[in-house]
Amino acid sequence: MTPMIDIVFLLIIFFLTVSQINRVAEHPLSLARVDGVAEKSSPATVTINMDSDGKIILSGEQYTLDRTARALEQLLGSKANDPTQVRIELRCDRRCPAEHVNGLIRQLSDLGFSQVYAAVAGE
Amino acid sequence: MKLSNKRPIREHAKIELSMTSMIDVVFLLLIFFLVTATFVQPERQILADIHKPGATGALQQPDLQPAVIQISDLNGRTLFQLGAIKTVDLRDLEAPLRGFQHKKHGSFIRVSDGVPFEKVAKVIDLCKTTGFQSVVYVPGD
């Protein structure tokens, strides 16, 4: 009986842990679905979530565009002001109007970033 | 009469734990977590370059004729424009994009306000699928 109880407890601990940690950086969003050549998701330095209303969520907290820019500026400072060392992932809801994305992209451009990885739903 | 303060020692005294109740609870917990667990949807990424407003590139070179796709909102529908081609069906742009010559210079997507991000993602994906090495995101006015 003991090994079975061990396994059952391990499963419980696994599900408890996974349910707690899998959504720390990632806000639940309905991502755009594409069926082309999107590459496998890689870890990003910073993940910017944008919901269907254009609200920016970083690490579970809502940010304004200005505050996001300041946070990114601080992050850049810690990376010797080298934008190539910062991998930005934009997790944007598929229904989000482009004006919000445009505003963010302009800010990123002003900060010197030249690339952004957009998260999409895929197989 | 002598009273002994010693407790009577039972022979073969044995502590037995009833496992049944504990296993019941443990299984209930396991079933609960199995049922309520939401499995993470697999995600992928598409890389987009960010347009620098003052940069000189293919977009500013008139002799190169870069692929510039204008995405705009037309009364709730999304309009895609590539040169003279205007369409609401993105599949209409696939053949013209495949036929483009200067693919190594990348393509440009100019996104107007009001367009849902899903359409933008689909255009970026189409450009990559049709062989463009890079896709530059140009925020619309």
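Protein sequence lines correspond, in order, to chains P and U.
Counting with my numbering, you get residues 331 to 453 for the letters of the first sequence.
Counting with my numbering, you get residues 1252 to 1392 for the letters of the second sequence.
Even glycine gets a Cβ: it sits at the ideal position worked out from N, Cα and C.
I'd like to confirm the pairing. Which residues does DSSP put opposite residue i in its beta bridges?
| i | result |
| --- | --- |
| Met380(P) | Ile386(P) and Cys422(P) |
| Pro427(P) | Pro1367(U) |
| Arg363(P) | Ala451(P) |
| Gln1321(U) | Gln1332(U) and Arg1361(U) |
| Asp1300(U) | Gln445(P) and Val1387(U) |
| Thr1338(U) | Phe1331(U) |
| Glu1294(U) | Ala451(P) |
| Lys370(P) | Arg1295(U) |
| Gln1352(U) | Its beta-bridge partners do not exist; DSSP assigns none. |
| Gln392(P) | Ile387(P) |
Would you verify that the beta carbon of residue i is, or is not, closer than 8 Å to some beta carbon of chain U?
| i | result |
| --- | --- |
| Ile335(P) | yes |
| Gly366(P) | yes |
| Val376(P) | no |
| Glu403(P) | no |
| Leu340(P) | no |
| Leu406(P) | no |
Give a yes or no on whether 8 Å exceeds the smallest Cβ distance from residue i to chain P.
| i | result |
| --- | --- |
| Phe1284(U) | yes |
| Leu1281(U) | yes |
| Ala1318(U) | no |
Taking residue i as the query, report the chain P residues whose CB atoms sit under 8 Å from its CB, ordered along the chain.
| i | result |
| --- | --- |
| Glu1369(U) | Ala362, Arg363, Arg424 and Arg425 |
| Lys1303(U) | Ser439 and Ser444 |
| Lys1355(U) | Going along chain P, no residue has its Cβ under 8 Å from Lys1355(U), so there is no contact; the nearest lies around 16 Å. |
| Thr1380(U) | Gly366 and Val367 |
At a CB-CB cut-off below 8 Å, which residues of chain U make contact with residue i?
| i | result |
| --- | --- |
| Glu369(P) | Arg1295, Gln1296, Ile1297 and Leu1298 |
| Val416(P) | In chain order: nothing, as chain U lies at least about 13 Å away. |
| Asn432(P) | Val1362, Asp1364, Pro1390 and Gly1391 |
Residues of chain U with CB closer than 7 Å to the CB of residue i, please, in chain order.
| i | result |
| --- | --- |
| Ala449(P) | Glu1294 and Gln1296 |
Name the chain P residues whose beta carbon is nearer than 9 Å to that of residue i?
| i | result |
| --- | --- |
| Asp1376(U) | Ala362, Val364, Asp365, Gly366, Val367, Ala368 and Val450 |
Identify the contact partners of residue i in chain U, using a Cβ-Cβ distance below 9 Å as the criterion.
| i | result |
| --- | --- |
| Ile435(P) | Ala1299, Ile1301, His1302, Val1362, Tyr1388, Val1389 and Pro1390 |
| Ala428(P) | Ile1322, Asp1324, Val1362, Ser1363, Asp1364, Gly1365, Val1366, Pro1367, Phe1368, Lys1370, Val1371, Pro1390 and Gly1391 |
Can you pull the chain P residues whose beta carbon is under 7 Å from the beta carbon of residue i, in chain order?
| i | result |
| --- | --- |
| Val1276(U) | None at all; the shortest Cβ gap to chain P is about 10 Å. |
Nearest chain A C-beta to residue i closer than 8 Å, yes or no?
| i | result |
| --- | --- |
| Ile386(P) | Of the chains in the structure shown, none is chain A; the protein chains are P and U. |
So is the beta-carbon of residue i under 7 Å away from any non-hydrogen atom of the ligand MG?
| i | result |
| --- | --- |
| Met1270(U) | Annotation note on the ligand MG: not contained in the displayed structure, which lists no ligands. |
Cβ pair count under 8 Å reaching 3, the region 1267-1282 of chain U against the region 1324-1338 of chain U: no
Chain U contacts made by the region 377-398 of chain P, where a contact means CB separation under 7 Å: Within the region 377-398 of chain P, no residue qualifies.
Report yes or no: do three or more beta-carbon pairs, one from the region 370-377 of chain P and one from the region 406-424 of chain P, lie closer than 8 Å? yes
Cβ pair count under 8 Å reaching 3, the region 429-444 of chain P against the region 384-402 of chain P: yes
Could you check whether the region 421-430 of chain P touches the region 1360-1368 of chain U, counting it as contact only if at least three pairs of C-beta atoms, one from each stretch, sit closer than 8 Å? yes
Would you call the region 1291-1303 of chain U and the region 1340-1356 of chain U in contact, with 3 or more CB pairs under 8 Å? no
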